[in-house]
Structures are given as C-alpha cells and as structure tokens.
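Mapping the sequence shown onto my numbering, position 70 (from 1) lands on 698, and the numbers just tick up by one.
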Amino acid sequence: MNTIKISIERPEKSASMAIGKVMAGIALVVALLGFPLVASDYQTFQLTGVMTYAVAALGLNLITGYVGQVSLGHNAFFALGSYTAVLANLYLGT
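Here you go:
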C-alpha cells in the first residue's frame, strides 16, 4: 500500500511585513487622533461612541472567547463609566 505524505509549511514572515504592519498601525492612530480636528462635532461624537463600544466588545471578546469565563462585572463597569460620563456632562458641562 502506497501512502502519500502531504506537508503544509507556513511561509516565514519577513521583517518588511512586520514593519508594514507597524507603520499601518501608526498611520491608523495618527488618523484617529487627527479626525476631531477636521470633523464636525456630531461626527466626533459618533466616532467616540463607536470606539467606546469597540473597546467594550473587545474586552468582552477577550474574557469570554479566549479565557472562557462569563463576566457580569464587565457590564457593570461599562454601565458605571456611562453613568459617570452622563453625570459629568450634566453637572460639569463637559
């Protein structure tokens, strides 16, 4: 009986690919930091909300997806931060 052996090798990542990813990350950070300077107040508000939900979703994904734990405290801290932001906006006008 003849057997066929198949091997799949992963290509090695070159240093230029790593540098390209770092440069793309830096460009994204610069674009996000510069966005409020050229956008309207409403667009900045929308981007802030999207980024807030993205941070919450990534944190929950790390806890439930990689660690396998169910986290109720994650939602409590998100709610506490939201409540604090509303109170700061109401009383401090920020």
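We put the beta carbon where it would ideally sit given N, CA and C, even for glycine. For clarity, every value in this text was computed on a predicted model and none was experimentally measured.
Close-in-space but distant-in-sequence residues of the same chain around residue i (CB under 8 Å, 5 per side omitted)
{"i": "T672", "result": "F663 and P664"}
{"i": "T692", "result": "V698 and S699"}
First through last residue of the alpha helix (DSSP H) which encompasses residue i
{"i": "S710", "result": "G701 to L720"}
Cβ shell of residue i (< 6 Å), same chain only, five flanking positions each side left out
{"i": "L688", "result": "H702"}
**In chain order, each alpha helix (DSSP H) run of at least 4 residues that lies wholly inside the stretch 646–696** = 669–689
**Meets three-Cβ-pair contact criterion under 8 Å: the stretch 681–690 and the stretch 698–712** = In short, these stretches touch, since the Cβ pair count reaches three.
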